[in-house]
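One structure below.
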Amino acid sequence: MPESKLYIIRSIQSMGDTRILKLFPEDGKSIGFLPGQFINLFKIDDKALTRAYSIASPPSWPYLELAIQIIGGKFTSYLDTLKVGDKIGVMGPFGKNEYKGGKKAVMIAGGIGITPMMGMIRHIAEKRIQGDFRLYYFAKQMSNTAYVSELMSYSSQGIIKADFRFTREESLPFSKERIDIEKVIAELDDFKQYEFYLCGPVAMVNSFSDVLISKGIAKEQIKADAFG
Ligand SMILES: Cc1cc2nc3c(=O)[nH]c(=O)nc-3n(C[C@H](O)[C@H](O)[C@H](O)COP(=O)(O)OP(=O)(O)OC[C@H]3O[C@@H](n4cnc5c(N)ncnc54)[C@H](O)[C@@H]3O)c2cc1C
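Going from the sequence shown to our numbering is simple: count from 1 and add 672.
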């Protein structure tokens, strides 16, 4: 059941136009959620001003971590005025694209669409879940792209297989090439056994979903969120 409560902002880290927020529950009891779910943030004195944000932290952490791209829209302009110590409303959890412990998954994230994958990957790392977890993460450039070094560390520990693409800037050894979903599938043994998590620009999410469905992957195995 979704809950609604106040959280206190304890940390704000800036990376280019992204803000990584750590939110602690005012009453010390964090809302329960599954990796990959999202909450709605709302302005305390104007509950109608609300937006959805995926949770980048795993359920075990005492705080919610969110990574939010400030685009100058209504909510992100308000968010950018908040300081450490300020309070914000949280309602949730929401979303049916959560990770439930599967052992074979392909995650494809574009830009800020990495947030639900972070919640899942951190959970997989923490619980030492053994399996085949493949992350494809594309962004414009390596600098100011959230979570790259943490993900590289999971990759070097063998927790995930990570493939980074930086499409607007040469960032050796990483490729600038766009992700080709046909090639992603071709690299999998028995691709119908995998769950596919897609999060990023709407065009990518829709076109990749269409290809996966055309290959015979069941709709229930495709978990897609379009933003970023
Ligand atoms: C399930 C879900 C999870 C999400 N998780 C995240 C997340 O983890 N991180 C994250 O950053 N976002 C996430 N989002 C997107 C988020 O909910 C907001 O849509 C986003 O932060 C923009 O809100 P806003 O009020 O600032 O923009 P709005 O005012 O709502 O503007 C909407 C659109 O108008 C355009 N627009 C408005 N102002 C400008 C401007 N100045 N410059 C350029 N374009 C503009 C943009 O296309 C923008 O998307 C998620 C969305 C969903 C549905």
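Using N, Cα and C, we set each Cβ at its ideal position, and we do this for glycine too.
Closer than 7 Å: residue i CB and nearest ligand 1 heavy atom
i	result
Ala724	yes
Lys622	In the structure displayed, the chain extends from 673 to 900; residue 622 sits before or after that span and is not available.
Asp718	no
Gln741	yes
Ser749	yes
Asp897	yes
Ala784	The sequence given here places Ile at residue 784; Ala does not occur at that position. Checking every heavy atom of ligand 1 against the Cβ of Ile784, one is found closer than 7 Å.
Gly767	yes
Leu738	yes
Phe710	yes
Thr787	yes
Backbone secondary structure at residue i - three-state DSSP
i	result
Ser702	coil
Leu884	helix
Phe863	helix
Ser827	helix
Tyr808	strand
Thr690	strand
Gly783	helix
Glu737	strand
Ile832	coil
Phe838	strand
Lys776	strand
Lys719	strand
Glu675	strand
Ile796	helix
Ile742	coil
Ser815	coil
Val756	coil
Ser791	Position check: residue 791 holds Gly in this sequence, whereas Ser was assumed. Of the three classes helix, strand and coil, the one that applies to Gly791 here is helix, per DSSP.
Glu822	helix
Ala858	helix
Whole-angstrom C-beta distance between residue j and residue i, which should lie under 8 Å
i	j	result
Glu854	Val883	7 Å
Ala739	Ile692	5 Å
Arg800	Lys833	Incorrect: roughly 16 Å between the Cβ atoms, too far for contact.
Gly700	Ala781	Contact flag wrong, Cβ pair sits at about 32 Å.
Lys677	Pro697	6 Å
Ser729	Arg682	So it is not a contact: roughly 13 Å between Cβ atoms.
Ile894	Phe863	Their Cβ separation, rounded to whole angstroms, is 12 Å, which puts Ile894 and Phe863 out of contact at 8 Å.
Gly704	Pro674	No, Gly704 and Pro674 are not in contact; Cβ-Cβ is about 10 Å, not under 8 Å.
Phe747	Asn712	Contact doesn't hold; Cβ gap of about 10 Å is too wide.
Leu695	Ile684	Actually they do not touch by this definition, with Cβ atoms about 10 Å apart.
Gln813	Glu841	4 Å
Given residue i as reference, the closest of the options once Cα atoms are compared
i	options	result
Tyr808	Val756, Val874 and Leu823	Leu823
Ala811	Val820, Gly803 and Asp804	Val820
Ser702	Asp718, Trp733, Met687 and Lys864	Trp733
Leu736	Ile885, Met763 and Tyr869	Met763
Thr690	Leu713, Gly785 and Gln741	Gln741
Ile786	Gly830, Lys775, Gly708 and Gln829	Gly708
Gly900	Ser686, Val756, Thr748 and Gly783	Gly783
Asp804	Gly688, Gly791, Leu754 and Gly830	Gly830
Lys772	Gly791, Ile760, Gly757 and Ser843	Gly791
Asp897	Lys759, Lys768 and Gly688	Lys768
Ser828	Ile857, Ala797 and Ile851	Ala797
Met687	Asp752, Gln802 and Lys759	Asp752
Contact with chain B by residue i, beta-carbon distance below 8 Å
i	result
Gln709	Within the model displayed, chain B is absent; a lone protein chain is all it includes.
Sheet register partners of residue i (DSSP bridge)
i	result
Asn712	Ala724 and Met763
Phe747	The partner list for Phe747 (beta bridge, DSSP) is empty, contrary to what the question assumes.
Ala896	Leu870
Ser683	Lys694
Ser843	Phe846
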